[in-house]
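Student: Under my numbering, residues 247 to 518 are what the sequence shown spells out, in order.
Beta carbons are placed, not taken as given, at the ideal position from N, Cα and C, and that holds for glycine.
Quick caveat: nothing in here was measured; it's all calculated off a predicted structure.
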Amino acid sequence: MELIDAIRRRRTTNGAFLPDPVKEEHQRLLIEMAGRAPSQLNSQPWRFVITEDRATIEKVAAISGESMTEAMSNGTFFERYKRYFRFSQREMDERRDGMLFDKLPAPLRPFTSQVFTPGGQRLMNAMRVPQTLGEENRKLVAGSPLMLAVMLDRAEHRPGELSSFYSLFSMGAAMENLWLTTVELGMGIQFVSFPMEVPGQWEKLVELFRVPDHLELMAVYRLGYVPEERRRPRIDWTSSERRLPSQIVFRDTCDTPQLGWDDAQVTPRHHD
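Next comes the structure, spelled out in structure tokens:
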């Protein structure tokens with residue numbers, strides 16, 4: 247598969263993985279590709295924990311599900327990210343960013359315009375939407391055959407210093423390499439982010455993975471092989487739109503948008 251094609255096909259897997267274990271040679275390849283990313287002075291600040299242990303994965307799943315329920319119940323998630331929510335194709339076509347919630351249970355569809363209001367929050371809580379989503383998230387994470395924890399060496403990742411930027415930049419490059427490799431291997435990947443949204447929950451993962459003091463846990467991902475027919479969750483979104491070149495590129499200075507490239511914009515075949 248050509249690199250450009252892999253980049254265009256890259257996506258986040260919102261749905262379930264196959265139960266098949268991830269082949270050890272594929273695990274090794276993922277880490278090798280991550281380790282080939284650029285880093286300042288070849289510092290290679292990244293460290294990884296890979297686990298197939300069912301007990302560990304179940305605990306990550308429980309923490310993730312609890313976190314999602316709490317964040318959705320108290321409104322912090324919607325308040326923090328409401329600028330990225332789209333509920334119509336027209337809005338997505340105009341903005342060309344964010345997430346289009348194109349799959350919702352029928353009872354919720356009439357209330358999308360109220361989702362960011364106190365009344366909308368009370369309605370979702372009354373319908374136990376946060377609990378439903380949290381439980382679905384728990385099951386989704388629990389069904390993952392492989393978990394990946396990503397850490398940075400604190401000797402390189404020193405907040406407030408230039409080395410912190412370098413190490414974060416390098417970690418992003420490493421994870422993009424790994425992410426694109428999943429496309430080649432017929433795998434999917436998703437960031438387990440909800441424990442970051444609720445105070446105290448991320449620390450549970452730090453303890454679970456026994457992260458030593460000289461390392462900092464930065465991210466946790468679930469991975470696995472994707473089925474040919476992907477079953478979407480009850481509440482799901484698409485994010486295939488990308489901003490046009492004229493919206494993000496300038497010629498010579500920031501005073502002059504790049505014109506003439508928009509018609510050549512390639513539409514991705516999968517959502518993010």
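Taking buried to mean at least 16 other C-beta atoms within 10 Å of its own C-beta, is residue 313 buried or exposed?
Tutor: buried
Student: Shortest alpha-carbon distance to residue 445 belongs to which of 316, 279, 508?
Tutor: 316
Student: For residue 248, does the count of other Cβ atoms within 10 angstroms reach 16, so buried, or fall short, so exposed?
Tutor: exposed
Student: Roughly how many angstroms separate the alpha carbons of residue 476 and residue 268, rounded to a whole number?
Tutor: 18 Å
Student: Does DSSP classify residue 515 as helix, strand or coil?
Tutor: Note that residue 515 has pLDDT 47, beneath the 50 cutoff, so the model's placement of it is unreliable and no number is given.
Student: Taking the alpha-carbon positions, what's the residue 342 to residue 500 distance?
Tutor: 21 Å
Student: What's the call for residue 405, buried or exposed, on a 16-neighbour Cβ count within 10 Å?
Tutor: exposed
Student: What does residue 327 pair with, by DSSP beta-bridge criteria?
Tutor: In DSSP, residue 327 forms no bridge with anything.
Student: Quick one: give me the first and last residue of the beta strand (DSSP E) that residue 349 is part of.
Tutor: 345-349
Student: Could you check the C-alpha separation between residue 470 and residue 509 for me, to the nearest Å?
Tutor: 36 Å
Student: I'd like to check one pair, residue 397 with residue 462: are the Cβ atoms closer than 9 Å?
Tutor: Contact check for residue 462 against residue 397 passes: the beta carbons are separated by less than 9 Å.
Student: Taking the alpha carbon of residue 290 as the reference point, which residue from 472, 306, 418 has its own alpha carbon closest?
Tutor: Answer by Cα proximity: 418.
Student: Where in the segment 461-497 do unbroken runs of the beta strand (DSSP E), each at least 3 residues long, occur, reported from the N-terminal end onward?
Tutor: Qualifying beta strand (DSSP E) stretches, in chain order: 461-471, 482-484.
Student: Short check: CB of residue 306 to CB of residue 429, under 9 Å?
Tutor: no
Student: Just the Cα atoms here: how many angstroms apart are residue 309 and residue 379?
Tutor: 13 Å
Student: Determine the extent of the alpha helix (DSSP H) in which residue 440 is found, giving its start and end residues.
Tutor: Residue 440 -> alpha helix (DSSP H) spans 440-443.
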